[in-house]
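This report refers to the structure that appears directly beneath it.
Numbering (the working numbering), first residue to last: 983 to 1050.
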């Protein structure tokens, strides 16, 4: 079991934790639809990434009964 050699003061402990804070997201505007999206991710609203459609919209897909 790990046992400390010397007491860590509140100041030293808090200084160590100074860089542990969470950073707010940095959203970018989608080039296709204008909605906010995460950088380097597919747009959740339109499915585009880098000016091309990656995820097809379900309303555009035409499913036949024979295809399945």
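Heads up, the beta-carbon is just placed ideally off N, CA and C, and yes, glycines get one too. Source: prediction; values computed, not measured.
Can you look up residue 989 in the DSSP assignment and give me helix, strand or coil? coil
Buried or exposed by the 16-neighbour rule on C-beta atoms within 10 Å, applied to residue 1015: exposed
Tell me, which residues are paired with residue 1011 by DSSP? 1018
Among 1020, 984, 1021 and 1012, which residue has its Cα nearest to the Cα of residue 1028? 1012
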